[in-house]
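Just below is one structure, and these are the notes that go with it.
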Amino acid sequence: MSDKNLNKRPLDGPYKEYYESGKIKMKSVFKDGFMDGPYEEYYENGQLKIKGFAKKNWIIKSREDGYSKTYYRIFVEGKDGSYEEYYENGRFKMKGFYVDNKKEGQFEQYNENGMLTEKIEFKNNRKNGSYEEYYENGKIKKKKTYHNGGLEGPFEEYYENGQLKSIGKLELEFLDGQYKEFYENGQLQILAEYSLGRMNGLYERYNENGILIEKIEFKDNRKNGPYEEYFENGNLKVKAEYKADKKNGFFEEYYENGQLKIKGFYINGNKDGQFEQFNVNGEFIEKTEFINNREKRTHEEYYENGNIKKKESYLGEELEGPFEEYYENGQLELTGKIENGWLDGQYRKFYENGQLKTLIEFKSGIMNGKYEQYYQNGEFKVKGNYDWDMDEGFFEYYYETGKLKNKLNFMIKSTLVGHNKIIRSFEEFNENGKLQEKKEFAYSEEFKLFKEYMEGLESFYYNEYDYQKEDWEPYNPLDDVQNDLDLDIDQLGDVW
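Quick note: the sequence shown uses my numbering, first residue 10, plus one each step.
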């Protein structure tokens, strides 16, 4: 509702609007249809709401819906001069100054109790200069500096009791230079160095009693250099070296009484080498070896009589390193080594009387080198040589008396589809050592005659080699040698 005749356009001169209750809502001045000059807006209870100066600020227009004419105001940016807003209780809400509708100079905001909550400087409508924020009790909360709309320069934060909380400097809105944080009692909590938002230099953290808790050097926002951590009583807790945010070098951990707890070595964040652990009295407890953060440990099993049954080496959860198995009487049954998940080096198995039963040389899980078997009396049973899983050269088979029984000369024939194993010569002796039969073969003709023999021999070798225990999961490389590739002379005889 207005006291101006709005049918006459443009408006010019004093203008008032009222609530339906008849109370004043707005007072202003129009010139050529625009609000231009001082204006005031009121709450319905009569309290001043806004006080300012308009420069071509409002336009009064009308619209018809066929039944009645409604008058409304359209806001056009155009504040100029002092500007004030009030709460309904009459207290200041905000005050400032506009030049050509742009904020200029100091603006202040207040809570409903009349307490100043925020104060900031503007230049050409952008934050520029000091900024202050206050607690409800009127005490300073934050001090910052703006430059062309962005945070720039020194800043401070405070606790509600007035104690300094943090202090630093911003560059392009990033922390830059020395930064400090404090406890509410005024004690330093954090001391750090920044370079455009990234930590560079010394970082220190203290407890509320002023005791150093943590100290580390940073480079490009990552831990880099010596690291120290302390207990609340000031005693050293951890001492380490960092490189590119990962432990790298010597590592030591201590009990609160100052005794060494753990010492070891890291490479690129992974435990590597020996780690030693001590009790609170400084006495040695155990030593563990790590390779690339995987624990190298020994697993042992025992018989009910207390004798060792099995001893295996692990790297993480995988078998790696030497292994041994024993008979219940304590005699060694077998021994070997796993390297990178494969049998490697000499694998040996023994009879219960301690006599060597089998010796096989492996390379990366493949038979490569000596292959020997013995009778319980120590005499040779089988003797030969493998070249990358192929039996090549002479293989000799013996009677239990030690006399030679058979002598086979193998060779490997390369073809377009792979390698074929063929027999070049065959000799058989009786138990007195007398030669009974000798044959030499040419691959092109005679190999066919021994095809059945060769298939039987191949089948025997590879069936013996494929040891998979159903109850062992996942795959265990020791499965490959559980039956030791025992070439039984009687079985060989059956396929001749």
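Just so it is clear, CB atoms sit at the ideal spot from N, CA and C, and this is done for glycine as well.
Helix, strand or coil for LYS136, going by three-state DSSP, please let me know.
-> Strand, per DSSP.
Compare the C-alpha of ASN242 against each of ILE225, ASP229, TYR236, ASN266 and name the closest.
-> ASN266
Is TRP397 helix, strand or coil when you go by DSSP?
-> coil
From the DSSP output, which residues share a beta bridge with ALA249?
-> TYR236, PHE260
Exposure label - SER373; buried when at least 16 CB within 10 Å | exposed
Candidates ASP281, GLY278, PHE260: closest to LYS272 by CA position = Each of ASP281, GLY278, PHE260 was checked against the Cα of LYS272, and the nearest Cα belongs to PHE260.
Spatial distance of LEU269 from LEU205 (CA atoms) | 39 angstroms
If you count every other CB in all the chains shown that lies within 10 Å of the CB of ASP353, and 16 or more means buried, which is it?
-> buried
For LYS148 versus TYR140, is the C-beta spacing smaller than 9 angstroms?
-> The Cβ-Cβ distance between LYS148 and TYR140 does not fall below 9 angstroms.
What's the C-alpha gap between GLU321 and LEU417?
-> 37 angstroms
If you drop the 5 nearest sequence neighbours on each side, which residues of the same chain put their C-beta closer than 6 angstroms to that of GLU223?
-> For GLU223, where only same-chain residues beyond five positions count, the Cβ hits under 6 angstroms are ARG214, GLU238.
Local conformation of SER434 per DSSP, three classes = strand
Beta-bridge partners of TYR356, as assigned by DSSP = Looking at the DSSP assignment, TYR356 forms a beta bridge with ILE369.
Where the beta strand (DSSP E) through GLY162 begins and ends = 162 to 167
Under a three-way DSSP split, which group does LEU57 fall into?
-> strand
If you draw a straight line from the alpha carbon of ASN349 to that of GLU329, how long is it in whole angstroms?
-> Distance between the alpha carbons of ASN349 and GLU329: 7 angstroms.
Give the single residue among TYR336, GLN198, LYS104 whose Cα lies nearest to the Cα of TYR188.
-> Measuring from the Cα of TYR188, the nearest candidate turns out to be GLN198.
DSSP three-state assignment for GLN115, whether helix, strand or coil = strand
With C-beta atoms as the reference, is PRO163 less than 9 angstroms away from LEU179?
-> Against a cut-off of 9 angstroms, the Cβ pair of LEU179 and PRO163 comes out as a contact.
Going by other Cβ atoms of all chains shown within 10 Å of its Cβ, with 16 needed for buried, is GLY105 buried or exposed?
-> Its Cβ being crowded by 16 or more others within 10 Å, GLY105 is buried.
Nearest residue (CA-CA) to GLU142, options TYR119, HIS156, GLN56 | When each option's Cα is compared against that of GLU142, the closest is TYR119.
Please classify ALA253: is it buried, with 16 or more other beta-carbons within 10 angstroms of its beta-carbon, or exposed?
-> ALA253 comes out exposed.
Under 9 angstroms between C-beta atoms of TYR408 and VAL391 = no
Reduced DSSP category for TYR155 - H, G, I as helix; E, B as strand; rest coil | strand
For ASN134, which of LYS151, GLU121, GLN115, GLY123 has the nearest alpha-carbon?
-> GLN115
For TYR271: DSSP bridge partner residues | The question names Tyr, yet the displayed sequence has Ile at residue 271. In the DSSP output, where bridge partners are listed per residue, ILE271 has GLU262, GLN286.
Distance CB(LYS136)-CB(TYR155) smaller than 9 angstroms = yes
Which whole-angstrom value is the C-beta distance of SER91 and PHE131, which I expect to be below 8 angstroms?
-> Contact doesn't hold; Cβ gap of about 14 angstroms is too wide.
Skipping 5 residues on each side, what residues in its chain have a beta carbon closer than 6 angstroms to that of GLU333?
-> Closer than 6 angstroms at the Cβ level, and outside the excluded window around GLU333, lie LYS320, THR344.
Would you tell me roughly how many angstroms separate the C-alpha atoms of GLU93 and LYS32, rounded to the nearest one?
-> Put simply, the backbone Cα of GLU93 is about 21 angstroms away from that of LYS32.
Excluding five sequence neighbours on each side, which residues of the same chain lie with their C-beta closer than 7 angstroms to the C-beta of HIS308?
-> GLU321, TYR323
What three-state label does DSSP hand GLU226 in the structure shown?
-> Assignment of GLU226 by DSSP, reduced to helix, strand and coil, places it in the strand class.
Per DSSP, SER37 is paired with what?
-> TYR24
Check each candidate in LYS414, LYS296, LYS60 and name the one with the smallest Cα separation from PHE435.
-> LYS414
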